[in-house]
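A quick write-up on the structure given underneath.
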Amino acid sequence: MRRKHRRLQSEPDLDITPFMNLMIVLVPVLLLNMVFAHTSVLELNFPTGESLAPEQAEELQIQVIIHADRLVVADNQNGVIKAIDQQEGEYNFAVLKEVMKELKSRVPDKKDVIIMPSQETSYQVLVSVMDTVRSYDAVVAGNLVKAELFPEISLGDAPVADTEQVQKAGGQS
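So in the numbering used here, spot 77 of the sequence shown is number 171, and the numbers just go up one at a time.
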């Protein structure tokens with residue numbers, strides 16, 4: 095009789111080395127992208143086409159107007175409060191923050207501000223102004239906290255600059 099030899103058939107090992115190489119590269123790339131993809135959402139109020147009600151027209155409106163060469167803080171009742179000229183080609187956000195703190199101390203219940211950028215205002219300048227008027231760093235009981243200034247921001251178009259009116263109001267800084 096003839097013996098039938100069964101050949102031992104072994105299944106090949108599963109080679110996962112290419113998959114592991116892919117994971118070694120893919121995981122750090124995805125983690126790095128998470129850091130750069132961090133975004134913040136700014137809640138803005140855009141003007142509607144409706145006219146203002148009489149009680150809204152009399153209410154104090156604080157405005158920050160961004161011109162190519164200066165920032166102007168004004169209100170709808172007294173006009174220009176402070177014009178902040180650029181220093182060395184840069185907007186002076188520290189002075190803007192101090193002016194906004196002073197305004198907040200005068201009207202502590204006020205939470206809204208209107209920012210009016212001109213046509214040539216860059217996006218970074220607009221965001222920096224928004225961050226400056228929204229809050230500031232304060233130390234309370236030994237801890238650094240964000241103190242609120244004017245968190246409700248509305249956007250509008252900047253009026254055409256009238257330099258004589260700004261200079262008469264004592265806006266030179």
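For each residue, glycine too, the CB sits at the ideal point set by N, CA and C.
Cβ-Cβ distance between residue i and residue j below 8 Å
i, j, result
"leucine 243", "tyrosine 230", "yes"
"isoleucine 156", "leucine 220", "no"
"isoleucine 175", "valine 207", "no"
"valine 201", "valine 167", "no"
Cα-Cα separation between residue i and residue j, rounded to whole angstroms
i, j, result
"valine 123", "threonine 111", "19 Å"
"serine 212", "leucine 165", "10 Å"
"lysine 204", "alanine 232", "19 Å"
"glutamate 184", "glutamate 153", "33 Å"
"serine 199", "proline 245", "15 Å"
"glycine 236", "leucine 120", "43 Å"
"methionine 114", "glutamine 218", "42 Å"
"glutamate 196", "valine 189", "11 Å"
"glutamate 105", "valine 129", "44 Å"
"serine 216", "arginine 228", "19 Å"
Neighbourhood of residue i by C-beta, 6 Å cutoff - its chain only, sequence neighbours within 5 removed
i, result
"glutamine 266", "Its pLDDT being 46, under 50, glutamine 266 is placed unreliably by the model, and the measurement read from it follows with that caveat. Result list for glutamine 266: empty, nothing under 6 Å."
"lysine 191", "Thr226, Tyr230"
"asparagine 170", "Gln155"
Neighbourhood of residue i by C-beta, 8 Å cutoff - its chain only, sequence neighbours within 5 removed
i, result
"phenylalanine 187", "Ser222, Val223, Thr226"
"methionine 210", "Gln157, Val158, Ile159, Ile160, Leu249, Gly250, Asp251, Ala252, Pro253"
Supposed close pair residue i, residue j - CB separation, criterion 8 Å
i, j, result
"glutamine 180", "aspartate 163", "6 Å"
Same chain, Cβ closer than 7 Å to residue i, neighbours up to 5 away in sequence not counted
i, result
"glutamate 214", "Ala162"
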